[in-house]
Every structure is written in structure tokens, then in C-alpha cells.
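Numbering (this note's numbering), first residue to last: 5 to 507. Ideal Cβ placement from N, Cα and C applies to all residues, glycine included. Here the structure is a predicted model, which means the values were calculated and not measured. Here's the structure we're looking at; comments come further down.
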């Protein structure tokens, strides 16, 4: 039994099943439970313990209604939700690069226990891998009016949890063989936008050296939109939209109320932007913790000292269609309404129609909305960073044939099992289109190696962007072939501009 000593106490874990040379420790608390008197407050350090803490199992997940394949569900009453997990091939005295993973899930679901986030393969390549849970939904991103007991309930508590986890890494990772001076923070979807926020937050300055953002989502709330969401959720929960009212509602009450608010938008075609994908929470930009949205902040030079690797997929939004969580378009009139709701120039839609004239209304919607939310936003994040003086790499995942030659979608989340090297897990086969073939495994090897090299040296294996452009790495099972038909729709956005969205 290997024992590792943290500042709060000693911990032990288990040998990884797939690689006995790796030790995995699950459920290490990095902050105190954020409930009771600490509810809606900034995170506080975890209490210390005596003896050796057995870290064999994942910690409880944050309050949510989702039930994800292969991962635990939240149970009302679970409170010790601020925990992290470590995969390490070494121990004290080593000095290995560190990768800290922030999961996605529209800021309302997901956890570090999802099987596609297993760190065994990456650790086998010489990284210390950390994955973490953080507060979601109203607990993590809901706006709480500063009233009642006179205490302060900051916005972006979920981001502050991530800062607390990164602080824990700085204080403790050397015990696991990690180099605190070579920390890379990585995430996908809302996790990627969290990474972008951390790059520009004062509280996170100096806690990491590099960042990886896969499919960053174009969604930051304004103080006004966050206050509106609070009013709607409080009304559904049957409590006043005040500190006293909100703290009187149980976490489950607020989860259920948030789900009902989102469903109301989903069922109402006249409800504007939220109808198409009713994600009602996001980082609140315009306050003390996040003065500006990350794209604007990066363009102004914030985060330029952090080396950045950005990736997005060619068919992002097809996943949301496949799981039934987005709107349906059956005719041109609905498409025109979508364009009007987002105040997009008609020239953007016309350009998509011209490039793929045989596409249905739904296919045009999926392509356009996927670029609006993820693809173009991610590309602009990379460009803003490099133009402000940052060192930046950009990649696109365009795999539309699996390793056996069958057609698949290069959709949202499909790239992550390749980067983690978790194609073997049956729970990820839906994301990647079925069991992997040899070409898939070869692609996973290339993507995993790129992450490892970037975390270790800042060079994933291709040149950095320049302010006027540069190479974009194309991830495909057949690198010599061009990407799929949805791979490059940037022209219309360059001409029309990209609106920044607020949930």
C-alpha cells in the first residue's frame, strides 16, 4: 500500500486495473462541503484528518438530475461534493507534468467519475492526472442576491471551486510526483469555457502554465440575465428570489426548479434564444470574479502568459440532435426565425445553403448552430489569444469514418475519448460510433501523445498560430484525406461577425 502525504492528511489509493504501474486515488477532498452555513459561499479548505484516508472510490457528484452511463448519480443528502482524483505513476521526489481536467455538461450535469475521463492511459505516458468535481446548476452558477445575513454569496462559485482545486494542486501535487510549475488545466464544452475563464481570472493567476480547451461554448451570462434566471428558478421553487428564500430551498428543489424552467423554454418556440438549447446557467461576466467574458478578456491581453491549445469538432451539434436535447427544424420559415432570434445576418444562412444545397433545414440548423456555439467561438478564442501576444495551437477533429471504415459523426464530445485514450470502455462507444478499429486506436495514440507533449513542453507537435494565421492540426483516422464537408464554414462568420451569447 502506497501512502501519499497531503497538507490535510495521508491518503492511499489502488493500483489501476489497466496498468498496475499507475496508482489512482479517488475522492480526495480539496474543499469543505459547500452546504449548511457555507452554502452559496466561496469554497473553504477541507478539514484535516488523522490516520490514512482510503481513497478507493469517487466522491459524491454535485447536485444534478442527470444519470450518465458508467457514472454515479447524485443522491439528495450528498454534501461532500468538492473532491478530486489523482492518477500517478510516481511519488514524492519525481517531477512530472500535471494535467488537471474540468468536465463539461452545460454547467448543470457531469462529474469526474465519467469513464471517458479515466486518467490511466495519460498517466502511463508520464503525466500526473487530476480530475475534479465542482458545484453545478444554481449551487455553482446561480446568482444569489446579497441580502439577509449580510454575508457574501459570490457569482461563479463553480469557477471558484475550480480555483480551489488548482490551489490544492499547487500545495500538494509534489507528494504525488507532480511538478507544480508545469500544470496544464484542460476541459471540454462548459469545461473548456471554464478553462478560458480561469485564464483571465485574477484568482487563478499563477496556478497553471498551460491550458487545453476543446469545444469551448459561446455562453456567458450577464448580471441581468443571471438575475432573470434567479427570478424564474425561485418562482418555480416557490420561494422568494432573495438569499433567505433561496437558502431555504433544498438543493433538490433548485435542481428540479431549474429543470422545469429549461423545459418551459424547450417547449415554447416563441421564447427566443433559449428555445433552441435551453442551457440556463453559465459563468456570469461583469462582476468581481469575472469582469469580462473570456473572449473579450483574451483579446485584451488577459491570459497571454498561458500557453493555449484549442480544438473543436467538425459537426459539434449533431450530438445534441442525437440525444434529443435541441430544437427541430422542418422548414425554411423555422430557420429564418432562428436567424432572427439570434440577430444573425441572413447572409450567414444563405452562405451555408449555398455550400451544401442538398442539406435539409435540420442539417443547416445543426451546422450553423454548432459553429455559432462551439466551432467559430473556439477558433476565435485561439485567434484572440495569439493576436494579444499568447502562444496558441489550434486543431479540428473531423473523423467521419471510424477505424473500420464506417461513417460516423465528428460531433461534440467524440474527440475526448481519443485524447484520454479511453476507447476501450463500452460506455464511450455511443460517442465514437461503436467499438474502435485499428485506425481509431492509431488516432487516439496521436491525440494522447499531443496532450502529453503539450503538458510537458508546450509543443503538441505542430507549429503555433501567428497573428495572421497558421497551421491547424486536423485529427482524422486518415490524415492524408481532407476533412468532412462541415469542416470549414468560417468565411460567413468573418464577414458577419460572431454574436456573444448569454444564457
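Within the stretch 49-95, the beta strand (DSSP E) runs of at least 3 residues that lie entirely inside it are, in chain order, 56-58, 87-92. Nearest to residue 71 by C-alpha distance, out of 109, 176, 81, is 109.
Counting only the Cα atoms, residue 317 lies some 13 angstroms from residue 196.
Counting only unbroken stretches of 3 or more residues, the beta strand (DSSP E) elements lying wholly within the stretch 159-225 are 182-192, 214-218, in sequence order. DSSP places residue 156 outside both helix and strand once states are collapsed to three, so it counts as coil.
Less than 8 angstroms separates the beta-carbon of residue 102 from that of residue 182. Its Cα nearest to that of residue 14, the residue 59 stands out among 59, 139, 433.
In the three-state DSSP reduction, residue 284 falls in the coil class, being neither helix nor strand. Per DSSP, residue 389 is one residue of the alpha helix (DSSP H) stretching across 380-391. Separation of the CB atoms of residue 298 and residue 216 is rounded to 14 angstroms, and the pair is thereby denied contact status at 8 angstroms. Judged by beta-carbon spacing, residue 353 lies beyond the 8 angstroms limit of residue 360, meaning their Cβ atoms are not closer than that value.
One alpha carbon belongs to residue 44, the other to residue 37, and they sit about 11 angstroms apart. The distance from the Cβ of residue 334 to that of residue 365 is about 6 angstroms, consistent with a contact at the 8 angstroms cut-off. Residue 447 and residue 481 do touch by the CB rule: their CB atoms are close to 5 angstroms apart, below 8 angstroms. Looking at the backbone, the Cα of residue 390 and that of residue 104 are separated by about 23 angstroms. Here the alpha carbon of residue 106 sits roughly 10 angstroms from the alpha carbon of residue 169. One thing to note: residue 479 has its Cβ within 8 angstroms of the Cβ of residue 402. With a cutoff of 8 angstroms on beta-carbon distance, residue 306 and residue 226 are scored as not near each other. Burial check for residue 5: the Cβ neighbour count within 10 Å stays below 16, so the residue is exposed. Boundaries of the beta strand (DSSP E) around residue 105: 100-106. The beta-carbon distance between residue 91 and residue 65, rounded to whole angstroms, is 19 angstroms. This is too long to meet the 8 angstroms contact definition. Residue 26 carries a coil assignment under DSSP once its states are collapsed to helix, strand and coil.
Using a Cβ distance threshold of 8 angstroms, residue 218 and residue 419 count as a contacting pair.
If you draw a straight line from the Cα of residue 327 to the Cα of residue 462, it comes to about 36 angstroms.
Inter-segment contact for the stretch 154-163 and the stretch 176-192 is absent: fewer than three beta-carbon pairs are separated by less than 8 angstroms. In the DSSP secondary-structure assignment, residue 142 is not bridged to any residue. Residue 396: member of the beta strand (DSSP E) spanning 396-401, first to last residue.
In the displayed model, residue 124 falls within a helix according to three-state DSSP.
Membership of residue 455 in any beta strand (DSSP E) is not indicated; the residue belongs instead to the alpha helix (DSSP H) covering 442-461. For residue 499, the number of other beta carbons within 10 angstroms of its own is below 16, and it is reported as exposed. Counted as a single uninterrupted DSSP element, the beta strand (DSSP E) harbouring residue 477 occupies residues 477-479.
Between residue 350 and the set 237, 497, 63, the nearest pair of CA atoms involves 497.
Within the same chain, Cβ atoms closer than 7 angstroms to the Cβ of residue 194 are found at 108, 109, 110, 111, 221, the five residues on either side in sequence being excluded.
In the displayed model, residue 433 falls within a helix according to three-state DSSP.
With contact defined as three or more Cβ pairs closer than 8 angstroms, the stretch 441-455 and the stretch 377-389 are not in contact. The Cβ atoms of residue 125 and residue 422 do not sit closer than 8 angstroms to each other.
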